[in-house]
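K.L.:
As you go down the protein sequences, you meet chains A and B in turn.
The numbering of the first sequence is this note's numbering, which starts it at 74 and goes up by one.
The numbering of the second sequence is this note's numbering, which starts it at 74 and goes up by one.
Dropping the structure in here first, questions after.
There are 2 protein chains.
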Amino acid sequence: MTFSFGSFISLTGDEVFHSTRLSFAFVNLKPVVPGHVLVCPRRVVKRYAELSFKEITDLFKTVQEVGIVIEREFKATSLTFCIQDGPDSGQTVDHVHVHIIPRKKGDYENSDEVYTELAKHDKDGRPSRSLEEMAKEASWLSTFFRLEGR
Amino acid sequence: MTFSFGSFISLTGDEVFHSTRLSFAFVNLKPVVPGHVLVCPRRVVKRYAELSFKEITDLFKTVQEVGIVIEREFKATSLTFCIQDGPDSGQTVDHVHVHIIPRKKGDYENSDEVYTELAKHDKDGRPSRSLEEMAKEASWLSTFFRLEGR
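Dropping the structure here:
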């Protein structure tokens, strides 16, 4: 089974670790910290304003479920949730996506440096993770979910 | 009618411009840009993980409605949505709140500087806005909503 992220990217079980009827969650090519994952509506929709009531409901219930697992399994104490909605907010893929970032005391010198990292993470020249590494993480994370939609 | 924001802050129609059965939206004491507003569940709950399914549904439908109005009325082209969930994410009030920030081309030299501003906005020594100014804005914004819960 494949999932579309924007118009040009196809994701499979190598990245996707959880899916519901209307949403899916996947690991990141360039996480800003370990455990930085993304949750999307299945339908390729650019802006948050375009989501249906059912999509919103499913998306943010999924965000809650994924956040709980990510915080616990990455031994974090807090979470940052963020949506860059539209080109002038830093959105780089035309598909609504919620960033979930596990946070710990002292993970950044200033707690909000995480956003500077978020801004850079898909633009800078850092090498991407290998597909093997991503698949291993996705496979591990999938064990915490019942994959209803797959 | 009053709304609790955390354990110590009471808000009234001077700040609150929209409310639903389970959520409310209010203007900011120190907005990082004009139109920066907050949306909360009515129940004082510290972490996102504690929200019920109904609260999540109501909260993010309200976020969508408020975002559409804010983007249009502040003549923006994009939105930043953000939740600081827990003490190590920069959360300063123990009550789940979604930041909605209208964004425009060139509003910051680097688009993601908005987060640095967000990190500082309730900590630095900048003067707060006057209650008169907030009440005027809340009154204006309330005209775009049907205040179901009031």
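Ideal placement from N, C-alpha and C gives every residue a C-beta, glycine not left out.
Just so it is clear, the structure is predicted and the values come from calculations on it, not from any experiment.
Just to make sure I have the definition right: I need the residues of chain B whose C-beta is within less than 8 Å of the C-beta of A:Pro200. Which are they?
P.N.:
To locate residue 200 of chain A, count along the first sequence from 1; it is residue 127. None at all; the shortest Cβ gap to chain B is about 22 Å.
K.L.:
Excluding the 5 residues flanking A:Ser151 on each side, which residues of the same chain have their C-beta closer than 6 Å to its C-beta?
P.N.:
Mapped onto the first sequence, residue 151 of chain A falls at position 78. Arg176, listed in sequence order.
K.L.:
Mind pulling the chain B residues with CB within less than 8 Å of A:Ser184?
P.N.:
Residue mapping note: residue 184 of chain A aligns to position 111 of the first sequence, counting from 1. Asp161, Ser162, Gly163 and Ala192, listed in chain order.
K.L.:
Leaving out five residues on either side along the sequence, give the residues of the same chain with a beta carbon under 7 Å from the beta carbon of B:Pro107.
P.N.:
Residue mapping note: residue 107 of chain B aligns to position 34 of the second sequence, counting from 1. The answer, listed in chain order, is Phe147.
K.L.:
Taking all protein chains shown into account, decide if A:Thr75 is buried (16 or more other Cβ within 10 angstroms of its Cβ) or exposed.
P.N.:
As a working mapping, residue 75 of chain A is identified with position 2 in the first sequence. Residue burial is scored here from C-beta neighbours: A:Thr75 has fewer than 16 other C-beta atoms within 10 angstroms and is therefore classed as exposed.
K.L.:
So which residues on chain B does A:Gly140 lean against when the C-beta distance must stay under 8 Å?
P.N.:
Counted from its first residue, the first sequence places residue 140 of chain A at position 67. Tyr121, Ala122 and Asp158, listed in chain order.
K.L.:
In the structure shown, what three-state DSSP assignment does B:Thr216 receive?
P.N.:
Locating residue 216 of chain B in the second sequence gives position 143, where the first residue counts as 1. Note: B:Thr216 maps to coil in three-state DSSP.
K.L.:
Secondary structure at A:Arg223, three-state DSSP: helix, strand or coil?
P.N.:
Here the question's residue 223 of chain A lines up with position 150 in the first sequence. Here the model assigns A:Arg223 a pLDDT of 42, short of 50, so the residue's position is not dependable and the matter cannot be decided.
K.L.:
Kindly indicate which three-state DSSP category B:Pro104 falls into: helix, strand or coil?
P.N.:
Residue 104 of chain B sits at position 31 when you count from the first residue of the second sequence. B:Pro104: coil per DSSP, three-state reduction.
K.L.:
Might you give, ordered along the chain, the residues of its own chain that have their beta carbon closer than 8 Å to the beta carbon of A:Ser184, omitting 5 neighbours on each side?
P.N.:
Residue mapping note: residue 184 of chain A aligns to position 111 of the first sequence, counting from 1. Closer than 8 Å at Cβ, skipping near neighbours: Arg176.
K.L.:
Using beta carbons (cut-off 7 Å, strictly below), is A:Ile129 in contact with chain B?
P.N.:
Locating residue 129 of chain A in the first sequence gives position 56, where the first residue counts as 1. Output row for A:Ile129: interface = yes.
K.L.:
Which same chain residues end up closer than 6 Å to A:His109 when comparing Cβ atoms and leaving out the 5 residues on each side of it in sequence?
P.N.:
The residue labelled residue 109 of chain A in the question sits at position 36 within the first sequence. So the qualifying residues of the chain are Asn101 and Ile174.
K.L.:
Between B:Ser203 and chain A, is the shortest Cβ-Cβ distance under 7 Å, so that the two count as touching?
P.N.:
The residue given as residue 203 of chain B occupies position 130 in the second sequence. Chain A contact via Cβ: absent.
K.L.:
Give me the residue from A:Glu182, A:His170 and A:Ala149 with the minimum Cα distance to A:Ile156.
P.N.:
The residue you call residue 156 of chain A lines up with position 83 of the first sequence. Ranking the options by Cα distance to A:Ile156, first place goes to A:His170.
K.L.:
Using a C-beta cutoff of 7 Å, does B:Phe147 count as contacting chain A?
P.N.:
Counting from one through the second sequence, the residue named residue 147 of chain B turns up at place 74. Closer than 7 Å: no.
K.L.:
Can you name the residues that DSSP bridges to A:Ile173?
P.N.:
As a first step, residue 173 of chain A must be located in the first sequence, where it is residue number 100. DSSP output for A:Ile173 lists A:Val110 and A:Phe154 as bridge partner(s).
K.L.:
Between B:Asp131 and B:Leu95, how many whole angstroms is the CB-CB distance? I'm expecting something under 8 Å.
P.N.:
The residue given as residue 131 of chain B occupies position 58 in the second sequence. The residue given as residue 95 of chain B occupies position 22 in the second sequence. In this structure B:Asp131 touches B:Leu95 by the C-beta definition: roughly 4 Å separates them, less than 8 Å.
K.L.:
Just the Cα atoms here: how many angstroms apart are B:Leu191 and A:His91?
P.N.:
Taking the first residue of the second sequence as 1, we reach residue 191 of chain B at position 118. Taking the first residue of the first sequence as 1, we reach residue 91 of chain A at position 18. Each residue's Cα considered, the two are about 31 Å apart.
K.L.:
From the beta carbon of A:Thr150, is the nearest beta carbon of chain D less than 7 Å away?
P.N.:
Protein chains in the displayed structure are A and B, and chain D is not among them.
K.L.:
Which residues in chain A have a C-beta closer than 9 Å to the C-beta of B:Phe154? List them in chain order.
P.N.:
Reading the second sequence from its first residue, position 81 is the one you call residue 154 of chain B. Neighbours of B:Phe154 on chain A, chain order: Tyr121, Phe154, Cys155, Ile156, Gln157, Asp158, Ser162 and Val171.
K.L.:
Pop quiz: A:Gly79 and A:Val105 are said to be a contact at Cβ under 8 Å. What is the actual Cβ separation, rounded to whole angstroms?
P.N.:
Translated into the one-based positions of the first sequence, residue 79 of chain A becomes position 6. Translated into the one-based positions of the first sequence, residue 105 of chain A becomes position 32. A:Gly79 to A:Val105, Cβ: 19 Å. No contact.
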